[in-house]
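The structure appears below as structure tokens.
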Amino acid sequence: MSTYNYVVTAHKPTNVTHSCVGNFTGPQELNLIIAKCTRIEIHLLTPQGLQPMLDVPIYGRIATLELFRPHGETQDLLFIATERYKFCVLQWDADANEVLTRAMGDVSDRIGRPTDNGQIGIIDPDCRLIGLHLYDGLFKVIPFDNKGQLKEAFNIRLEELQVLDIKFLYGCPKPTIVVLYQDNKDARHVKTYEVSLKDKDFVEGPWSQNNLDNGADLLIPVPPPFCGVLIIGEETIVYCSASAFKAIPIRPSITRAYGRVDADGSRYLLGDHSGLLHLLVIAHEKEKVTGLKIELLGETSIASTISYLDNAFVYVGSSYGDSQLIKLNLQPDPKGSYVEVLERYVNLGPIVDFCVVDLERQGQGQVVTCSGAYKDGSLRIVRNGIGINEQASVELQGIKGMWSLRSATDDIYDTFLVVSFISETRILAMNLEDELEETEIEGFCSQVQTLFCHDAIHNQLVQVTSSSVRLVSSSSGELRNEWHAPNDYSINVATANATQVLLATRGGHLVYLEIGDGVLVEKKHAELKYDISCLDINPIGENPNYSNLAAVGMWTDISVKIFSLPDLNLITEEHLGGEIIPRSVLLCAFEGIPYLLCALGDGHLLNFLLNTSTGELTDRKKVSLGTQPITLRTFSSKSTTHVFAASDRPTVIYSSNKKLLYSNVNLKEVSHMCPFNSAAFPDSLAIAKEGELTIGTIDDIQKLHIRSIPLGEHARRICHQEQSRTFAICSLKYNQSSTEDSEMHFIRLLDDQTFDFISTYSLDQFEYGCSILNCSFSDDNNAYYCVGTAYVMPEENEPTKGRILVFMVEDRKLQLVAEKETKGAVYSLNAFNGKLLAAINQKIQLYKWMLRDDGTRELQSECGHHGHILALYVQTRGDFIVVGDLMKSISLLIYKHEEGAIEERARDYNANWMSAVEILDDDIYLGAENNFNLFTVRKNSEGATDEERGRLEVVGEYHLGEFVNRFQHGSLVMRLPDSDVGKIPTIIFGTVNGVIGVIASLPQDQYVFMERLQTNLRKVIKGVGGLSHEQWRSFYSEKKTVDSRNFLDGDLIESFLDLGRSRMEEISKVMSVSVEELMKRVEELTRLH
Amino acid sequence: MWKEIGDRQSGKLRPNSFISRIRSNRASSLQLSNHKEIVSPHRGAINSLQVDLTEGRYLLSGASDASLAVYDIQHATDYEGGSFDHHINVWDTNTSQVVMDFKMPGKVYRTGMSSLATSHMLIAAATEDVQVRLCDMASGAFSHTLSGHRDGVMAVEWSACSEWVLMTGGCDGAIRFWDIRRAGCFSVLDQSHSQLGRRPPLLERSTTKVTTSRSFTPGQTSSSKTRPPQKKATSSSASKHSGSSRKQKQRLHPGLLSSQDRATAHYGAVIGLKATEDGMYLLSAGSDSRLRLWDIESGCNTLVHFEITRLQTTKAIQLAVTQDSALVFVPCMTSLKAFDLWSGKTSMTLQGHYEHVNCCCYNAYDQELFTGGNDRQILIWSPPKLISQDVDEWDGRTGKPPALDEDNWSD
């Protein structure tokens, strides 16, 4: 049962909603403060750029973010108001480097209707009061006393019902607001009011202006000496004050954001809906405004906020594309743009749709999102893994092996890098300029391929080639000894450590040598039945230079054998089964536990627990890491041992809490790897990949890596087809010509590796792609892309016509094979029992895939179900259909085979306006709704009456604070069947703010434990601004607010790991569970994402 | 619709504006429902309709034949099957048994329970009697009798923002506000007390002139009413005082100024009251065929002129308001009209009943309107559903084809 769910953020929100600049952390320090819906980030401006200082979650969706400075303060305070009517005033504590809460409170009212146009929060420039417009017809005032403390709030009636913007005017003896509003006849006006704090009422203000631009939407108050207001319309910009009225026409555009450049307010940056940045200048003679001028500067991401930092540097925050740090140049570039983009900050929002694919068939999903909007639309490939920070690279083709060597046994750094090719061996070394340069070691044979190299004791090096083993002095480079393989018995594979060499020759001969000071001694020889494919004598015992065991992988009988050293006695033999030979074996110890790892030629990896005294192999486990042969190597990072498995899907194997874990490395195919810890590149790895040798460091934790594919158009739906290795997307392109905006809609086919458009199908005029599905039908082995569309006619309220298009990919082209007209928009498509289930306006319709007499195929409707307002989201499981309605929550339908009919089984009678649904298991369904909540409902099959059975019971409720557009089953991490987390089913969701989250259904005992931890964490971790976590997570809608239940906040629980030791102990004491146990259990959960 | 859904998905349209846009679109497209129908079991005029507040699933109707019926409006089926007999009965809807019975001194016009009340279970009863009685369901007895009206009381309405505030409208034309925790009524609405001039302009201009001429305009548009202009001017200046000193007024209650106590809201009986959901405005209907919109906090008449020609005068009527306070539905003789709340303009006229419409009830969950009239019918008005009727799309087995019985109502 998936009743108990754990919700955690894998990728934090990146949609920048607010930003402001001021002296927050110190009187001399200039800060940029960014709000990303539920988080704030504080940055410091330094000559080197923006330096992050703090990134904290806010228990609320930020509606207002304003800096202000009360009288007598030397630095700014931060005012935050949330959409759920909480506010707080924050102050920087320079000693503790954290924010302090100076004031907080609740500004909700029972009376009034929440505003449709968003909440407005403004602060009087002279710091006399804070004004809030939260409900239609009410203006809330929080006055300051003369010490800068907040006093009791009160409401003033605002007669203007449709308020578009309110701002405070500068330079007024009494606090004065200017209100932009729309009247009954849709005309727009501005009006001013003085706030009389004594009477708690408005007094008519000094001026008003009627009948403005019909698109006027934004007010910009202009500071002294002008003290007027700019009214930004779609076609005109007006400067207005008691004494002046100046207007200029502008190119039609919707201005979304502004940033003030000068303190005197004579220049402003305006960002519009198409991403164009303009400079607005108020021309003036002394204090008299003489006119306005506007100039196009260039193009940026579509701005949601603009903050002018300093010295022509500007921060452009965006909701639809990446946020940017730009510089405004004095001279235009060749394209005529004054804008230079210095840095881009990734933004995944809005994630309109996404799909989870396992392109490498590894059991690890990667998420491909439809991100961004308008011109900033893109696909983003989000993948969890360990990153390699490339530091140097050289082009080298055909690398067959790599080893790093030291110039002296006790040297801490590696000096040489031996690179072996098919017919030669090259030696690279760091020169004095810290560059990698080709060099020579005199005693090494460089005309042939090297099979193995290693440092040996007594300042010696070992090189194994197909004909001999050479012992070379590491200081002088001279050859000190050589062991020759007998004629006709060339060496196939070899391995060595500081004191031992083990090699195998043709014909199954195993030879064991020991290294002395200048001598190589053949100690033992054994003949095996078959040829040997791989060897290892990595020391895992107490002596780091000597191994008591040797692991040998065999051809023909497909086995691994363990021999004792030095006597080469066979002590264990393990047959692997199957037909794939072992290609690499490795003895290694993780957290003191010895393991034998054995990699096969087909990308599978076996691991065994190894008993070092008996050589016994137990606890065999098998995982798939890739499809190509794997080469295993150890390396150490932060003084713990890791194993690097080089293959087509490079993977790092490590251990935590005595469990083996596997992390993807964010690289394509890697053929060889060796640690290369040189003075210039400490703790680095040398990595050989396709035609290239790279030296880089490796991240110590895995994280999400995002690759961006800019489309220049807005992708709305995506799905993947395994068979053709393609993605198909529904996208729309905006053509913003000067006369009229038009949209073009396409179905595009993309290659799943290169993400190039390989085929395009244009939809008709007014036809929108609404849904897309990869499916196959019964009695037909082909895979099809089905696309649902709608004809959106400007005069129609609701689409009355649409199509279902069935495409096949032939020769990497989209071929339309069938088409079916529908009576409305096809909001959703699902594969259902070898048929196609479509949600068309208020109807669920099932189509059969029929073979016509002429051999062509067509969709034929079989049955349908009415009874929805709009069936927007549909998921299926077996014969069950779960429908998320526009406004009638979730209902459950069942398809009856015998009758060939769809019937309603049950529904949830709550009035939830849905945004996504998913089926967790047979009985539990998950929904996301319009007020940023999640909930689960349960099918009640055991109900006593029809009434009870016909009702979906709400079992879980939670306020996520994010608008979920899509749920998908899948996982961002590798799911191994043997690990605990591998058994926990997970769902990934994507939101408007660019959040990728994971919902995991926990077993009950784990849930109960974590719930206790959450309750205790709430007491220890206090929300920023004194906001309550419990209130934040309570289910909140127009009708009700109830405590969250059967959902846990993973972000809070996982923040346990960031606590100081003393606070961890505090919690450990209350829960009577040791800190280590708590950490272990929380760490387990962190591995879900 | 698709566009709005797309804009919501990309974050361009705020989720709450999405809801209000769709709700108002749907509310403005109401028509006789083509997919739901109620077969009324009543043998008398339907006087009252109410949708349950928790799920919006059941509709309750009360008729003059002393019968009650409950309908499941989600599944559009008849589910089962207070009054002029001087009683108020409290029913347990699960068992359909009368659990309580209050004997009233006269005909009961209307009853009301507060939708927000958490600390009381009171039913306010408007009867022929001059007193408003509060029946306590906890004890089964009358807990309050509110005296003030000089004639029978036809309308009761609980405040939408305070569980203690009750508004009543009487045949004496008065609308009284009661705080049930205190004795006496604390406010009486005065139709001549308008909002104009409440906020004096910053500069001392010739204020009185402006107010008189402006306040006169609505009067002029309706030529049926003639009011002496001086009286208007004085009362509006008087109201200025009372408006700015609300506190003082509160202190005066329970013994309101006698001049205020005699104020009237309508020339004639108040036959219907409805508060907007946000708790800021009150609508009243009078037998003078007027609908007035009141600002509750200040008690001002907003002077919105509703284009009403005639209301029935003898019976209480039930009004309904959409959730976003954009439309008010008013039974106007045999039709039901929807008016824009802020301009008073007619936005829809719903014709369907053969006789007078008595009551209407708006279901905010589904944007559906129910009306009941003297013709014993309950009609459902809903946003149109596109129902495909081609043979290919339609499967006869899944249900009966939608019978569009609009011909019944062609007029």
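Keeping their order, the protein sequence lines are chains A and B. Residue numbers 1 to 1089, in the UniProt record's numbering, belong to the letters of the first sequence in order. Residue numbers 1 to 411, in the UniProt record's numbering, belong to the letters of the second sequence in order. No residue lacks a Cβ here, since even glycine has one placed at the ideal position from N, Cα and C.
Less than 9 Å between CB atoms is the rule here; does residue i satisfy it with respect to chain A?
i: Q374(B); result: Here residue 374(B) is Asn; the residue named in the question, Gln, does not match the sequence. By this cut-off, N374(B) is not an interface position.
i: D366(B); result: yes
i: G56(B); result: yes
i: E393(B); result: In this prediction, E393(B) has a pLDDT of 42, which is less than 50 and means its spatial position is unreliable; what the coordinates show is noted afterwards. It does; some Cβ of chain A falls within 9 Å.
i: N25(B); result: yes
i: D405(B); result: Model confidence at D405(B) stands at a pLDDT of 42, short of 50, so the residue's coordinates are unreliable; what they give is reported in the following sentence. With 9 Å as the cut-off, D405(B) does not count as an interface residue toward chain A.
i: K249(B); result: The pLDDT assigned to K249(B) is 39, lower than 50, so where the model puts this residue is not dependable; a value taken from the coordinates is nonetheless given after this. With 9 Å as the cut-off, K249(B) does not count as an interface residue toward chain A.
i: S206(B); result: Below a pLDDT of 50, predicted positions are generally treated as unreliable, and S206(B), at 33, falls in that range; the measurement from the model is reported next regardless. False, the Cβ-Cβ gap to chain A never drops below 9 Å.
i: I19(B); result: yes
i: Q74(B); result: yes
i: G299(B); result: no
i: W2(B); result: yes
What first and last residue would you give for the alpha helix (DSSP H) that runs through residue i?
i: L1052(A); result: 1050-1054
i: R21(B); result: 15-27
i: W849(A); result: Not the alpha helix (DSSP H): W849(A) falls in the beta strand (DSSP E), residues 843-851.
i: Y1007(A); result: 1004-1020
i: Q1031(A); result: 1029-1032
i: R803(A); result: Not the alpha helix (DSSP H): R803(A) falls in the beta strand (DSSP E), residues 802-810.
i: E948(A); result: 946-949
Chain B partners of residue i, CB-CB under 9 Å?
i: F963(A); result: R8, Q9, G11, P15
i: R716(A); result: G6, Q9, S10
Starting from residue i, find everything on chain A with Cβ-Cβ shorter than 7 Å and list it in chain order.
i: C161(B); result: R110, I111
i: K385(B); result: Q842
Assuming residue i is part of the beta strand (DSSP E), what are its boundary residues?
i: G6(B); result: Looking at the DSSP string, G6(B) is not in any beta strand (DSSP E); the run it does join, the alpha helix (DSSP H), is 2-9.
i: V469(A); result: 468-473
i: K1080(A); result: Per DSSP, K1080(A) belongs to no beta strand (DSSP E); it is in the alpha helix (DSSP H), 1075-1086.
i: Q391(A); result: 388-395
i: R426(A); result: 425-430
i: S656(A); result: 651-656
i: E862(A); result: 857-865
Check whether the Cβ of residue i lies closer than 9 Å to any Cβ atom in chain B.
i: L50(A); result: no
i: C770(A); result: yes
Find out if the Cβ-Cβ distance for the pair residue i, residue j is shorter than 9 Å.
i: L379(A); j: I729(A); result: yes
i: V917(A); j: F967(A); result: yes
i: I306(A); j: Y239(A); result: no
i: N497(A); j: N569(A); result: no
i: M962(A); j: G997(A); result: Checking the sequence shown, residue 962(A) turns out to be Glu, not Met. For E962(A) and G997(A), yes; Cβs fall inside 9 Å.
i: L870(A); j: N841(A); result: yes
i: S33(B); j: L379(B); result: yes
i: I250(A); j: I231(A); result: no
i: I123(B); j: L146(B); result: no
Which bits of chain B does residue i rub up against, with CB to CB less than 8 Å?
i: D879(A); result: Per Cβ cutoff of 8 Å: no residues; D879(A) is ~16 Å from chain B at best.
With which residues is residue i paired in a DSSP beta bridge?
i: K524(A); result: Y512(A)
i: L576(A); result: Paired residues: none, contrary to the question.
i: M402(A); result: V419(A)
Mind pulling the chain B residues with CB within less than 7 Å of residue i?
i: S319(A); result: G11
Would you mind telling me which residues of chain A sit closer than 9 Å to residue i, beta carbon to beta carbon, in chain order?
i: K274(B); result: Going along chain A, no residue has its Cβ under 9 Å from K274(B), so there is no contact; the nearest lies around 15 Å.
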